[in-house]
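J.:
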Amino acid sequence: MSDSGERKTRFIAFSSGKGGVGKTFLSLNVAAALATRGHSVWLFDGDMGLANVHVLLGIQPQFDISDAVAGRCTLSQTLFDGPAGIKVIPGSSGKRDMAEMGTLEMTQVVQALGTLTPAADFVIIDTGAGIGKHVTTLARLADTIVVVVRDEPASLADAYGLIKVMHQDFGSRNFEIVVNDVVSVPRGQQVFERLQQVAMRFLELNLVLGGIVPHESEVMMATRRRETLIKAAPRSLTTAAINQIAMRFEGLKVDNENSRAFLKLVGGTARTGSQ
């Protein structure tokens, strides 16, 4: 891609108000789509309690983020190669101490992440669901927060809660809404407009429709085969929607304010562009 002196790493967080909306599936497949398009991509499984990226890939890593936090290995030793050449940093699953990790440990994770990813075109962060400190710490450092929703009242209500917290408490404004697993594009548009109306009315915040991903049986097929959808069903409508999301990200600009915040946390070790 671009010359290393001009490269600007884009940090994109995939978040959701509630679990079970396909956030991790989309994080993985969008990362693979970007890598297929020639970008250097790192995928960080930022769910500190119930990580699932490695599960979707059928891989049991030797180390995960909990080992790095405990000092049993370095963060670089947790890395494994994912599909299409992406680099994956696995999160932790089923460990209470990680789910309850404090601010200091979380900051150390962010610092270590910054030392590893300076040359990447994209760092995709698959946060946990909800509004806990693990989610907000990672999401607020992203250039763009992708909020994944489904056509369900609870999903929309919790997505609004996440957006409200990120906007009012941390000043986040760059939200892209991806409506996942929807029966049709018009229905996906309606779901987005409902969320947009609430955000505009109560937060005076304009949301952006980042994508509409249709419901297809190929998604479950790929999940069962432990493959990315773009490999298992490259001509499916869902893959086409994922590629559209990836192409949108190619045109996104780095949020300089968030990048400076990230640099402050990592002690100036991450490069977000030319000096």
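When we follow the numbering used here, the leftmost residue of the sequence shown carries the number 310, and every step to the right adds one.
Note that the Cβ used here is the ideal one computed from N, Cα and C, for glycine as well.
Is it the case that the Cβ atoms of N552 and A393 are separated by a distance below 7 Å?
T.: no
J.: Can you give the Cα-Cα distance for F389 and A549, rounded to whole angstroms?
T.: When rounded, the distance between both Cα atoms is 27 Å.
J.: List the DSSP bridge partners of G520.
T.: V487
J.: Which value, in whole angstroms, describes the spacing of the CA atoms of S481 and L447?
T.: 12 Å
J.: On the DSSP letters alone, give me the boundaries of the beta strand (DSSP E) that V492 sits inside.
T.: Per DSSP, V492 lies in no beta strand (DSSP E) segment and is marked neither H nor E.
J.: Considering just the uninterrupted stretch of the beta strand (DSSP E) at R319, what are its terminal residues?
T.: 319–325
J.: Let me make sure I understand the geometry here. Which of A541, D478, L471, E536 has the alpha-carbon closest to that of F323?
T.: L471
J.: Considering only their Cβ atoms, is the gap separating T412 from P399 smaller than 7 Å?
T.: no
J.: Thinking R510 and D460 are a contact (beta carbons under 8 Å), I'd like their distance in whole angstroms, please.
T.: About 20 Å separates the two Cβ atoms, so there is no contact after all.
J.: Based on the DSSP secondary-structure assignment, which residues constitute the bridge partners of G257?
T.: Missing from the structure shown is residue 257; the chain here goes from 310 to 584 and no further.
J.: Taking the beta strand (DSSP E) that V456 belongs to, which residues open and close that run?
T.: 453–458
J.: Have a look at E513, F558, K540 and flag the residue whose alpha-carbon is nearest the alpha-carbon of G519.
T.: Of the candidates E513, F558, K540, the one whose C-alpha sits nearest the C-alpha of G519 is F558.
J.: Enumerate in chain order the residues of its own chain whose CB-to-CB distance from K473 is below 7 Å, with the five nearest sequence positions on each side excluded.
T.: Counting only Cβ-Cβ distances below 7 Å, and skipping sequence neighbours, we find L512.
J.: Check the DSSP bridge columns for V397 and list the partner residues they point to.
T.: L352, F389
J.: Could you tell me whether the Cβ atoms of H476 and L516 are closer together than 7 Å?
T.: One thing to note: H476 has its Cβ no nearer than 7 Å to the Cβ of L516.
J.: Using 8 Å as the Cβ pair cut-off and three pairs as the minimum, do the stretch 433–442 and the stretch 335–354 touch?
T.: yes
J.: Take I521 and list the residues in its own chain whose beta-carbon comes closer than 8 Å to its own, dropping the five residues that flank it on each side.
T.: V487, V488, V491, V494, G497, Q498, F501, A550
J.: With respect to the alpha helix (DSSP H) encompassing F479, which residues constitute its N-terminal and C-terminal limits?
T.: Here the alpha helix (DSSP H) through F479 covers 462–479.
J.: Are the CB atoms of L352 and I395 nearer to each other than 7 Å?
T.: Yes, they are a contact pair.
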